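With this note's numbering applied, the sequence shown covers 9 to 353. The beta carbon of each residue, even a glycine, is placed where N, CA and C say it ideally should be. Only a predicted model underlies this, so the values are computations on that prediction, with no experimental measurement involved.
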Amino acid sequence: MSSVASPKPDITATRLRVGFVLARHFTLTAFANFIDTLRLAADEGDRSRPIHCKWVVMSATGHAIASSSGVQIVPEAGLTDPRQFHYIVVVGGLLHRGEQIDEATAKYIRQAAAAGTPLIGVCTGSFILKRLGLLEERKTCVSWYHRSDFIEEFGVAPIADQLYVIDGDRITCSGGAGVVDLAAELVEKHVGARAARKSLNVMLLDEQRAAHSAQPTPHVAPTAADARVRRAALAMEQAMANPIAIADLAARIGVSERQLDRLFRIELGASPAETYRTMRLDYGNWLISNTKRSIGEIAAMTGFADGAHFARVYRKRFGVNPRGIRQRGDITHAEAPADRRLFKS
9 MSSVASPKPD
19 ITATRLRVGF
29 VLARHFTLTA
39 FANFIDTLRL
49 AADEGDRSRP
59 IHCKWVVMSA
69 TGHAIASSSG
79 VQIVPEAGLT
89 DPRQFHYIVV
99 VGGLLHRGEQ
109 IDEATAKYIR
119 QAAAAGTPLI
129 GVCTGSFILK
139 RLGLLEERKT
149 CVSWYHRSDF
159 IEEFGVAPIA
169 DQLYVIDGDR
179 ITCSGGAGVV
189 DLAAELVEKH
199 VGARAARKSL
209 NVMLLDEQRA
219 AHSAQPTPHV
229 APTAADARVR
239 RAALAMEQAM
249 ANPIAIADLA
259 ARIGVSERQL
269 DRLFRIELGA
279 SPAETYRTMR
289 LDYGNWLISN
299 TKRSIGEIAA
309 MTGFADGAHF
319 ARVYRKRFGV
329 NPRGIRQRGD
339 ITHAEAPADR
349 RLFKS
């Protein structure tokens, strides 16, 4: 690649030019969502010519890169001068299948940062940027699913209740469908609102969600129409082992404790505390039926004082002792959908 010390090339001819670096076992959805949002905004009609937007998939080796689904992408170029791009997107994927990028790619990403090219980490691309020391003192967004992995590896809590975060020349995105919203914002900024709207319309999406929009809630969190309730439920989901005080939860969401209680009762027919306990018990029920952890370990993971306390409240909710479920190999409760409006504490 060219020396980053030479004058920066003029890239104004194309309104938005993006370079992609794909990790080994990258997430195909995150990559495809970003690419298609750019493609649909790049031309009139459905001709998909890279006029207003251009994109390049790069690699150090030129070899095909396998996604986590096994589908392979063949890179179009080597590691191009990062100053040729408005953004470089690092698409992450599986965390526990060995090194995600090679040393040449790591060096390139650091050079891109030194050159002042904004870096975007999507899915677990945020982990790659963090490992390279490029997210220090930066807000970092990850999927709720990988929040505990991030804390375990780096010892700091990321943002996991938003779709994406823009912090100067570092952008991190939780992945999935949220990538469309991020890509649409960049299209709107560089190409125009009309082009961004076209992309969303063709992809059959009603509207572009803002960066601070709540991530969809996990499987044990109740469904709610109100975004404040969804964000509170997601925060509960992320703090099963060490439950958050309801007053602190309300402050985090930006409402009073009384207002949060009213919102939960309207949306879910139960108080925040009742909802929280139900979620923790549902999670414990799943752990009993799907793991070999001891009842004591499960009690700790779900925020109960000890195994005896967990067993008492579990029996009250499900009508059976948790050890009895495991001895019979009964997984009925774990598979049956919970009635999210009939909480039992």
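Supposed contact pair residue j and residue i - C-beta distance, whole angstroms, cut 8 Å
i, j, result
"residue 191", "residue 131", "The Cβ separation is near 13 Å, so there is no contact."
"residue 57", "residue 50", "7 Å"
"residue 129", "residue 180", "5 Å"
"residue 75", "residue 104", "The Cβ separation is near 16 Å, so there is no contact."
"residue 86", "residue 31", "In fact, because the Cβ distance is near 17 Å, the residues do not count as touching under 8 Å."
"residue 204", "residue 216", "7 Å"
"residue 138", "residue 125", "Not really, about 18 Å apart at Cβ, beyond 8 Å."
"residue 315", "residue 303", "4 Å"
"residue 158", "residue 150", "5 Å"
DSSP-derived helix/strand/coil call for residue i
i, result
"residue 44", "helix"
"residue 267", "helix"
"residue 352", "In this prediction, residue 352 scores a pLDDT of 32, lower than 50, which makes its location untrustworthy; the coordinate-derived value is nonetheless stated afterwards. Reduced to three states, the DSSP call for residue 352 is coil."
"residue 180", "strand"
"residue 79", "coil"
"residue 70", "coil"
"residue 85", "strand"
"residue 214", "coil"
"residue 252", "coil"
"residue 34", "strand"
"residue 109", "coil"
"residue 11", "Here residue 11 scores only 38 on pLDDT, less than 50, and its place in the model is too uncertain to base an answer on."
Residue i - containing alpha helix (DSSP H), residue span
i, result
"residue 66", "It is not in any alpha helix (DSSP H) - residue 66 instead sits in the beta strand (DSSP E) that spans 61-66."
"residue 55", "That residue, residue 55, is in no alpha helix (DSSP H); it is neither H nor E in DSSP."
"residue 175", "First-last for residue 175: 172-175, but that is the beta strand (DSSP E), not the alpha helix (DSSP H)."
"residue 290", "280-298"
"residue 304", "303-309"
Contact set for residue i: own chain, Cβ-Cβ below 8 Å, skip 5 residues either direction
i, result
"residue 235", "221 and 222"
"residue 300", "none"
Buried or exposed by the 16-neighbour rule on C-beta atoms within 10 Å, applied to residue i
i, result
"residue 62", "buried"
"residue 189", "buried"
"residue 229", "buried"
"residue 212", "exposed"
"residue 326", "buried"
"residue 214", "exposed"
"residue 77", "exposed"
Same chain only: Cβ atoms within 7 Å of residue i, ignoring 5 sequence neighbours per side
i, result
"residue 281", "254"
"residue 120", "90, 96 and 127"
"residue 248", "288, 291, 309, 310 and 311"
"residue 5", "Coverage of the chain is limited to positions 9 through 353, which leaves residue 5 absent and any answer about it impossible."
"residue 136", "31, 98, 100, 108, 109 and 129"
"residue 260", "243"
Run of the beta strand (DSSP E) containing residue i, from where it starts to where it stops
i, result
"residue 328", "Where residue 328 is concerned, there is no enclosing beta strand (DSSP E), given that its DSSP letter is neither H nor E."
"residue 25", "24-30"
"residue 129", "127-130"
"residue 153", "Per DSSP, residue 153 belongs to no beta strand (DSSP E) and is neither H nor E."
"residue 199", "Taken as a continuous stretch (DSSP letters only), residue 199 belongs to no beta strand (DSSP E), as it is neither H nor E."
"residue 97", "95-99"
Cβ shell of residue i (< 6 Å), same chain only, five flanking positions each side left out
i, result
"residue 67", "83"
"residue 73", "30 and 81"
"residue 323", "329"
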